[in-house]
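Structure first, commentary second.
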Amino acid sequence: MLLPEKKEREYRFRLALRMGLPIFGLILVLVFTTLINNHENLTLAFYIESLLLLFVSVYFILFLIYKGFDVAITDPVSKTFTREYLKSYINEEIKRKKRCSLILIGIDNISDINTLYGIKNGDKVLRRVAQWISDYIQEQGFSDFPIGRIKGGDFIICLEGDMQEYKTIIELLCLKGDEFKVDNIEVSLSCAIVDTSLTKNLDHLYDMLFEQQERNRYKKGFDIESIDPNELETLVIDAIENRSLAIASQKVYDKERNEAFAELFVRIKASNGRFIHQKKYIKVINKLGLTIKFDTVLVEMIVENIEKFSCKKVAVLINSTSLREHDFFKKLELLLGGKKEIANRLVFLFSENEFYAKTQRFNAILQSYRKLGIELCIDRLGGIHSSFLYLRDLDVDMVRFESSYTKEEYFKIRKEIVKGCGYIAHTKGVKTWVKMIETKEQYELAKAIDIDYIQGKYLSQLQEEHL
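Right under this line is the structure:
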């Protein structure tokens with residue numbers, strides 16, 4: 029038992045004792061007074077009733093104290109519903125109503141606010157934002173709707189009806205939120221919306237909201253899921269067990285337009301005939317703890333069919349967690365069987381949003397892969413902060429830039445950033461790689477700033493691999 033739990037139990041006991049003693053005292057006084065004054069006329073029923081009164085009093089007081097601590101309706105900081113009460117409330121709403129819509133509104137920079145302005149100001153922001161959301165929804169003609177804090181700076185609202193009824197309202201709220209401040213503290217908001225048309229499982233609805241929120245942070249509008257999460261989980265598990273993966277490839281070229289290698293793109297072939305793309309299945313795999321198993325199956329399929337690939341090398345995205353897992357490395361080592369000619373044809377890409385602080389250990393593990401003959405590439409350079417830190421701390425063979433830098437509408441503006449980061453990589457002996465090159469102008473720009481590997485529809489289309 030944790031110390032806070034022990035202290036909580038002690039506190040409850042002392043409080044129950046303080047509240048119970050006066051009542052016990054009054055009951056005892058009543059019983060003894062009655063015994064002294066009327067002892068000759070008392071029946072057995074009186075003694076039984078006195079014992080029952082004492083027992084019921086003790087039970088009732090302890091029950092009230094303990095139950096009172098267990099039930100908390102409002103969050104002490106934001107004054108909205110607690111996560112537990114909100115969940116029970118919404119579940120009841122889902123049972124009673126034909127269709128419900130859940131709206132997620134998150135304060136993306138709440139962690140920065142707590143760091144820069146202090147926790148008290150962070151709490152003030154939470155309260156003010158919750159009130160601002162509530163006022164806005166009420167202005168739209170709604171009242172008595174549940175709102176609760178699910179975690180951090182994320183609030184969830186439940187409204188009756190289809191989400192199409194509320195999309196415009198929520199988009200306007202997010203637009204107004206761009207200018208929202210609390211005592212000159214800038215607040216960054218993001219939104220997401222789902223309804224119960226696909227599933228009534230609240231945990232799955234929460235997952236859908238947070239996945240959508242992550243996507244909506246980088247683009248306008250609301251990306252809506254089109255498959256039941258329960259069904260998606262079943263299809264993904266079944267596909268991994270049966271090694272049912274569909275692989276496509278796109279060739280990557282060097283500056284002289286010579287074929288260098290090909291990147292592999294993996295979809296899941298579901299038992300119902302549908303293809304499930306990475307954006308949908310990757311969250312499910314992570315949530316179910318199947319990341320290492322999936323990567324193992326994927327690498328096994330590639331190695332076993334390596335002769336069927338026409339390119340000299342193939343590059344595939346592998347989760348960083350898998351790369352750091354000893355069992356994954358051992359299985360790969362066994363699979364390769366010391367055959368350098370196979371290992372030399374593999375390139376592993378990796379990236380992660382959160383920086384893994386034990387970089388010395390991570391780097392040592394990566395060098396084990398390089399000793400086998402596998403090349404390593406840091407993906408999404410410039411898109412996430414960890415990619416720059418990994419370029420600094422890890423010894424790899426190449427880096428690939430975040431696609432937002434090389435998109436047609438941005439490449440001209442951001443080419444100097446790419447050039448500068450490319451120079452840093454080259455000073456470490458690391459080669460550079462860009463993707464999403466779809467026009468001749470983009471291609472010429474990539475060559476002009478000394479990019480080593482170039483990928484995109486301008487040079488090569490996707491093609492299915494028949495394994």
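Residues 29 to 495 (my numbering) make up the sequence shown, in order.
Positions of the beta carbon are idealized from the N, C-alpha and C atoms, including for glycine.
Bear in mind the structure is a predicted one, so any value in this text is a computation, not a measurement.
**Report entry** Per-residue DSSP class, three states only, for S338
**Finding:** coil
Query raised in the report: Around the Cβ of K125, are there at least 16 other Cβ atoms within 10 angstroms (buried) or fewer (exposed)?
Result: exposed
Report task. State the Cα-Cα distance for the pair I275 and L260, rounded to the nearest angstrom. Result -> 19 Å
Requested in this report: Would you list the residues sitting across from A220 in a DSSP beta bridge?
Outcome: L132
Query - Between the CA atoms of S216 and K107 - distance to the nearest angstrom - result: 20 Å
**Report entry** Assigned exposure category for F60 - 16 Cβ within 10 Å defines buried
**Finding:** exposed
Query raised in the report: Can you tell me where the alpha helix (DSSP H) with I316 in it begins and where it stops?
Result: The question names Ile, yet the displayed sequence has Leu at residue 316. Unbroken run through L316: none, as it is neither H nor E.
Query raised in the report: According to DSSP, what are the bridge partners of Y39?
Result: Its beta-bridge partners do not exist; DSSP assigns none.
Query - Closest residue to S342 among S272, F109, A288, G457 (Cα-Cα distance) - result: Correcting the residue type first, residue 342 is Val in the shown sequence and not Ser. The shortest C-alpha separation from V342 is found at A288.
Requested in this report: Less than 8 Å between the CB atoms is what I'm expecting for L394 and D423, so what's the real figure, rounded?
Outcome: Sure, about 7 Å apart at Cβ, within 8 Å.
Query raised in the report: Which ranges would you report for the beta strand (DSSP E) in the stretch 385–411 if only whole runs of at least 3 residues count?
Result: Correct list: 403–409.
Query raised in the report: Closest by CA to I482, which one among E492, Y194, H494, K468?
Result: K468
Query - Residue from R285, K209, E382 whose Cα sits closest to the Cα of S415 - result: E382
Query raised in the report: Taking three-plus beta-carbon pairs below 8 Å as touching, is the stretch 264–272 in contact with the stretch 233–245?
Result: no
Report task. Would you please state the rounded distance, in angstroms, between the beta carbons of C405 and D425? I believe it to be under 8 Å. Result -> 6 Å
Requested in this report: Output the distance between the C-alpha atoms of I185 and G134, rounded to the nearest integer angstrom.
Outcome: 11 Å
Query raised in the report: Exposed or buried, what is G205 when buried is set at 16 or more other beta-carbons lying within 10 Å of its beta-carbon?
Result: buried
Query raised in the report: Shortest alpha-carbon distance to K443 belongs to which of K368, N244, K307, E472?
Result: E472
**Report entry** Own chain partners of K248 with C-beta closer than 7 Å, once the 5 adjacent residues on each side are dropped
**Finding:** Because K248 sits at a pLDDT of 47, beneath the cut-off of 50, its placement in the model cannot be relied upon, and the point is left open.
Query raised in the report: Which word fits F183, buried or exposed, when buried means at least 16 other C-beta atoms lie within 10 angstroms of its C-beta?
Result: With 16 or more Cβ atoms within 10 Å of its Cβ, F183 is classed as buried.
Requested in this report: Helix, strand or coil for R324, going by three-state DSSP, please let me know.
Outcome: Looking at the sequence itself, residue 324 is Thr, so the reference to Arg does not match. Helix at T324.
Query raised in the report: If you count every other CB in all the chains shown that lies within 10 Å of the CB of D172, and 16 or more means buried, which is it?
Result: exposed
Report task. Take A158 and list the residues in its own chain whose beta-carbon comes closer than 8 Å to its own, dropping the five residues that flank it on each side. Result -> Cβ neighbours of A158 beyond the five flanking positions: S106, K107, T108, I175, R177, F183.
Query - Reference N244; option with closest CA among S162, K358, A267, A220 - result: Each of S162, K358, A267, A220 was checked against the Cα of N244, and the nearest Cα belongs to A220.
Requested in this report: Can you check DSSP and say which residues form a bridge with C449?
Outcome: Bridge partners of C449: none, in fact.
Report task. Compute the Euclidean distance between the alpha carbons of I165 and S129, then round it to the nearest angstrom. Result -> 14 Å
Requested in this report: Flag this pair as yes or no: are the beta carbons of I330 and V264 separated by less than 8 Å?
Outcome: no
Query raised in the report: Is the number of C-beta pairs between the stretch 351–361 and the stretch 302–317 that are closer than 8 Å three or more?
Result: Judged by Cβ distances under 8 Å, the stretch 351–361 makes no contact with the stretch 302–317, as fewer than three pairs qualify.
Query raised in the report: Looking at C-alpha atoms only, which residue of A371, K115, V294, L417 is the closest neighbour of L230?
Result: For the residues A371, K115, V294, L417, the minimum Cα distance to L230 belongs to K115.
Query - Limits of the alpha helix (DSSP H) - the one that I346 falls within - result: Note, I346: premise wrong, no alpha helix (DSSP H); not H, not E.
Query raised in the report: What residue from I76, L81, F91 has the CA that sits closest to F41's CA?
Result: F91
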